[in-house]
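A quick write-up on the structure given underneath.
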Amino acid sequence: MMHQTISRLRNFCPLIIIVITTLALTTATVYGQDRPASKSDLRFDHYRDHTTLVAESKALAAAHPTLLTYIELGKSSEGRPMFALILNNPKTGRDTDKPAMYIDGNIHGNEIQASETVLYTAWYLVENYGKLEPITKLVDRSAFYFLPCINPDGRQNWFDKQNSSHSSRTGYQPTDDDKDGAVDEDGPDDLDGDGSIGMMWRRDPNGTHKRSELDPNDMERVEPAPRADGTIRRGDWSMAGSEGIDNDGDGQVNEDGPGSYDMNRNWPAGWNPEHVQGGAGDWPFSYPETEAVARFIMTKPNIAAGQAYHNAGGMILRGPGVPQRDGAYSGDRGVYESIGRVGEQMLPGYRLMVIHSDLYPVHGGFVNWLAESLAVVTFTNELWTERRIMQNGSDPSSQMRNLWRDSVLFGQTETPLTEVDHPTLGKVLVGGGNKWASRIPPAFMLEEECHRNAAFTIFHAGEMPRVSMGPSLVRKLADGLWEVTIELKNDALIPSRTARAAEMKVGFADRVTLTPAKGVTVVSSGQVGRRYDRTFNPDRETPLLVTLESGVPGRDSVFVRFLASGPEGAQVGVGFTAEKTIAVKGAVTLAPFDPANAGAGAVAK
Ligand SMILES: [Ca+2]
Ligand SMILES: [Ca+2]
Ligand SMILES: [Ca+2]
Ligand SMILES: [Ca+2]
Ligand SMILES: [Zn+2]
């Protein structure tokens, strides 16, 4: 029996090999559809508070010690760590020598999925390094700075305290919002004890709403309409504000809750003082959180791309925040359009928009500081849109919204209306959408939201400037006298120096340095319009240095020419440096060469 089996196996040996080979191939191809085997088993099917976010970020860095570093940038108002994850492969150079993408989230503390999205991006890149070729290549030539949560107090308090989906937005320094001399004296109050701050409804013979006959937890709007007897039909309930009482007896309810400074109005880009916009602070960077972020960013002039995550609405926003600053984008509009339009295709239900014209005016917003003051191509995504409820991208009807809430989410985002005795309003109904309603995706859709947005930023990062040297044109003008035209080309969308940077002289201009071999003299050098142009305005002062004020445009080339005297066959070293690209080193041989006449693949260096 045994013998028989073995001989059979022997006969089938080739078949077994084929089967094993097929299995191996199948495993390799199937990987793309699978979760990567993870060194740090992070899950994106739930939301984590700030304490857990810190612990998991540290664990992710510890699991990938070569690529990922956890650093603390400072402390929040309430003493929580402000932190960053730096992704860089030291084997391919220092982070500051590479173009970098800056990605943050949760500046508004209630906009919680922003942090999961940033953490997911870091996690996806480190877990797939060495497994997915496009990721490996991108990580090897770029750096990433991840700041998953830049409002730690806002986030932690959103989880710990009674909030609505809109509250715990700000930072947590005690602030006198209503200027009555007391701080934080009248916050929201959880009257029905559900842990959230909902809506209050009072009985009103001229009410705007009535309770639905199909579902008594639903308030339906009633449009006033004349009855046959001449009276006007109205509802019997009206809204009575957000859940709470007048704690300080000043006649207003919940007018001065905990904290309340808006760190997204505290950046030096068209900043305006408090009396123009509340929350702006005494001066830009006046809050510990904004100062910590600014100090970090100011040490990283290699940041070439930026992304900030907020919620909600399904938007890919670019600046400016006010129409007066439209001109700041005129030179780079094409770059923003090209990247943003791809984003619209990658993010179903999302639309590319301009902050001031499509949303509302913002003075001194973070994205404006990065884009307008530091001249970095930056977007703000407003994560999650109700259009994602419908799989066809249209806005849900109220019937669909209720079906979603009751039969897809099984009521998890809703507290039934209950009667509560209110000290000043009498009997009120309290309830409605809880803090999990409306602004964040349900857990089962979180991972998709994270992944698609991560993919968009990875695409954006892939378009950070990438400069290389093309073939050089070398002409012999006379015995021992050479004219050399060098091509520097950028095959990414983002220029090595944005139009905004060139215009405002932000940072250093790009530089081409020439290093002649012994016996060679560079007589003059300068930029030319095209490779075969005959006109040439040499810079006689510094022939070994050509400054490119406008850098190398996206998907385009610039040409630099120099005249040199020296023997045929001698070399001139060429170096290109820019703040936001990897430096390029090459050399040109002084021997006649015309790229137009060269065969395929011939490059004179
Ligand atoms: Ca007050
Ligand atoms: Ca409540
Ligand atoms: Ca009050
Ligand atoms: Ca109150
Ligand atoms: Zn926001």
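Per the working numbering, the very first residue in the sequence shown carries number 292; after that it's consecutive.
The C-beta atom is built at its ideal place from N, Cα and C for all residues, glycine as well.
Please state whether the Cβ-Cβ distance between residue i and residue j is less than 8 angstroms.
i       : j       : result
Ala-596 : Met-795 : no
Val-417 : His-341 : no
Ile-885 : Asn-781 : It should be noted that the sequence gives Asp, not Ile, for residue 885. No; because the gap between Cβ atoms is not below 8 angstroms, this pair is not in contact.
Ser-551 : Asp-468 : yes
Pro-707 : Asn-508 : yes
Ala-571 : Asp-395 : no
Leu-344 : Ser-406 : yes
His-601 : Leu-650 : no
Phe-850 : Arg-822 : yes
Ile-398 : Arg-446 : no
Gly-702 : Gly-489 : no
Arg-696 : Thr-709 : no
Glu-635 : Ile-680 : no
Leu-429 : Ala-887 : no
Asn-593 : Thr-838 : no
Ala-878 : Trp-773 : no
Gly-400 : Thr-461 : yes
Glu-476 : Asp-547 : yes
Ile-588 : Pro-611 : no
Val-719 : Met-491 : yes
Ser-841 : Pro-829 : no
Phe-750 : Met-637 : yes
Gly-605 : Arg-678 : yes
His-500 : Glu-514 : no
Ile-785 : Met-760 : no
Val-584 : Leu-410 : no
Ser-763 : Thr-872 : no
Pro-479 : Gly-540 : no
Asn-725 : Asp-485 : yes
Taking the DSSP output, what are the residues bridged to residue i?
i       : result
Ala-855 : Trp-773, Val-813
Arg-494 : Trp-528
Pro-517 : Ile-523
Ser-759 : Lys-780
Thr-868 : Arg-802
Thr-715 : Per DSSP, none; premise fails for Thr-715.
Pro-549 : Note: Pro-549 sits in no beta bridge, so no partner.
Arg-512 : His-500
Lys-796 : Looking at the DSSP assignment, Lys-796 forms no beta bridge with any residue, so it has no partner.
Lys-726 : Beta-bridge pairing links Lys-726 to no other residue.
Ala-878 : Gly-864
Pro-807 : Val-863
Met-644 : Leu-608
Leu-839 : Asp-801
Ser-533 : Met-490
Phe-850 : Glu-778, Val-819
Leu-720 : Trp-492, Glu-710
Asp-830 : Ser-816
Leu-638 : Bridge partners of Leu-638: none, in fact.
Leu-333 : Note: Leu-333 sits in no beta bridge, so no partner.
The region 768-776 in contact with the region 683-702 per 3-pair CB rule at 8 angstroms | no
Taking 8 angstroms as the threshold, find out whether the region 450-467 comes into contact with the region 720-729 through three or more Cβ pairs.
-> yes
The region 539-558 contacting the region 651-663, beta-carbon criterion three pairs below 8 angstroms = Yes: at least three Cβ pairs fall under 8 angstroms.
Does the pairing of the region 573-584 with the region 613-621 give three or more beta-carbon distances under 8 angstroms?
-> no
At a cut of 8 angstroms, does the region 737-751 reach the region 854-870 through at least three beta carbon pairs?
-> no
Segments assigned alpha helix (DSSP H), at least 4 residues, entirely inside the region 577-625 | Those alpha helix (DSSP H) runs which fall completely within the region 577-625 and span 4+ residues are 579-589.
Answer yes if the region 632-647 comes into contact with the region 758-767, meaning at least three C-beta pairs across the two stretches below 8 angstroms, and no otherwise.
-> Here the region 758-767 makes no contact with the region 632-647; the two share fewer than three CB pairs at distances below 8 angstroms.
Within the region 347-430, note down every full beta strand (DSSP E) run reaching 3 residues or more, in order along the chain.
-> Counting only runs of 3 or more, we get 359-366, 372-378, 391-396.
Completely contained beta strand (DSSP E) runs for the region 650-704, where each covers 3 or more residues = Fully enclosed beta strand (DSSP E) runs of 3 or longer: 668-674.
Does the count of Cβ pairs from the region 786-795 and the region 854-864 closer than 8 angstroms reach three?
-> no
Lining residues of ligand 5 - beta-carbon closer than 6 angstroms to any non-hydrogen atom, in sequence order = His-399, Glu-402, His-601
Taking one C-beta from the region 519-532 and one from the region 492-509 each time, how about it: are there three or more such pairs within less than 8 angstroms?
-> yes
Pairing CB atoms from the region 830-850 with CB atoms from the region 753-764, are three or more of them under 8 angstroms?
-> yes
Residues near ligand 2, criterion Cβ-heavy atom distance below 7 angstroms | Gln-453, Asp-481, Leu-482, Asp-483, Gly-484, Asp-485, Gly-486, Ser-487, Ile-488, Gly-489, Glu-534, Thr-706, Val-721
Taking the runs of the beta strand (DSSP E) that are 3 residues or longer, which of them lie wholly in the region 426-491?
-> 434-438
Taking 8 angstroms as the threshold, find out whether the region 424-443 comes into contact with the region 876-884 through three or more Cβ pairs.
-> no
Between the region 376-385 and the region 408-426, do three or more beta carbon pairs fall short of 8 angstroms?
-> yes
For the region 729-758, list the alpha helix (DSSP H) runs that are entirely contained and at least 4 residues long, ordered along the chain.
-> With a minimum length of 4 residues, the continuous alpha helix (DSSP H) runs that stay inside the region 729-758 are 734-753.
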